[in-house]
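The structure appears below as structure tokens.
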Amino acid sequence: KALSMITLKLDASMAAEVVEAVLGSLSENVLLSDPQTGRLMAKTDVAVDRSAGHKRNLSAVDPLRWHGLMLTLGHLLFRKSAPTYQLPDIIEALLLGLEFEQRSNVGTSIGVAVRDGACFGIWALARKYGTSEVADLNISDIAGVTKEDLSRAEGVLQLVVSRLVVAA
């Protein structure tokens, strides 16, 4: 909460750096699975243009840290501290948070808090950013969008809604 209030007082470039730092933290320990070999590699080790088709693996991330980062993104959106040009990256992170799932040693789910944080972020996005601001975003700018998503969803709003329904 405090970070979002501080970010409001920063100039636009510094605010963008804060958002970039949060998004960068969400990229740490994310693994990509090569669809052909099944080999896991760090997301940072794969060029962005070559990562299409790789499936993200979140088994190495810390769920408590991700919960805090999702809430931070949500508060940045709620205060409208995040610049609109960063919305595709933020939406990508929130959609990834909606799909978050890890199991404890005994098999119980420990991904609920991350998913709840992502839902808060999507609520804040819907509450504070206008329909035109979100609808004008290009769906292909959001990483992790599959060919199925592109064929089913006409825009970012429809993509977010369909992912929310699946998460529910």
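Numbering-wise (this note's numbering), the sequence shown opens with residue 60 and increments by one.
Every residue, glycine too, gets a C-beta built ideally from N, C-alpha and C.
Inset, instruction - Please look up how many angstroms separate the CB atoms of Trp-182 and Gly-156, rounded, as I've assumed it's under 8 Å. - result: The residue labelled residue 182 in the question sits at position 123 within the sequence shown. The residue labelled residue 156 in the question sits at position 97 within the sequence shown. The Cβ separation is near 13 Å, so there is no contact.
Legend entry - Separation of Gln-145 from Ala-75, as counted between CA atoms: As a working note, residue 75 is residue 16 in the sequence shown. As a working note, residue 145 is residue 86 in the sequence shown. Cα to Cα, Ala-75 sits roughly 8 Å from Gln-145.
Inset, instruction - Quick one: residues in its chain with C-beta nearer than 7 Å to the C-beta of Lys-68, no 5 flanking neighbours on either side, listed in chain order? - result: Taking the sequence shown and counting its residues from 1, the one referred to as residue 68 is at position 9. Taken in chain order, the list of residues that qualify is empty.
Inset, instruction - Leaving aside the five residues before and after Ala-202 along the sequence, list all residues of the same chain whose C-beta is less than 6 Å from its C-beta, in chain order. - result: One-based indexing of the sequence shown puts residue 202 at position 143. Here the set comprises Glu-151.
Inset, instruction - Please confirm if Pro-122 has its CB atom under 8 Å from at least one CB of chain C. - result: Checking the listed chains, one finds no chain C in this structure; it contains a single protein chain.
Legend entry - Cα-Cα separation between Leu-252 and Leu-130, rounded to whole angstroms: Any answer about residue 252 is impossible in this case: the structure gives the chain only from 60 up to 227.
Legend entry - Exposure label - Ala-80; buried when at least 16 CB within 10 Å: The sequence position of residue 80 within the sequence shown is 21, counting from 1. So Ala-80 counts as exposed.
Inset, instruction - Could you have a look at Lys-114 and say whether DSSP puts it in helix, strand or coil? - result: For the purposes of this step, residue 114 is taken as the residue at position 55 of the sequence shown. In this structure, Lys-114 counts as strand in the three-state DSSP scheme.
Inset, instruction - Would you check if there are 3 or more beta carbon pairs closer than 8 Å linking the region 159-166 to the region 190-201? - result: no
Legend entry - Given Glu-213 as reference, the closest of Val-225, Ala-227, Asn-197 once Cα atoms are compared: By 1-based counting over the sequence shown, the position of residue 213 is 154. Answer by Cα proximity: Asn-197.
Inset, instruction - May I ask you to list the residues that DSSP assigns as paired with Met-100? - result: As a position in the sequence shown, residue 100 is number 41, starting the count at 1. Beta-bridge pairing links Met-100 to Leu-91.
Inset, instruction - Give the DSSP bridge partners of Ser-168, in chain order. - result: Translated into the one-based positions of the sequence shown, residue 168 becomes position 109. Paired residue(s): Arg-162.
Legend entry - Candidates Arg-186, Gly-166, His-134, Ala-101, of which the one nearest Ile-40 by Cα: For the chain, the structure presents residues 60 to 227; residue 40 sits outside this window and is missing.
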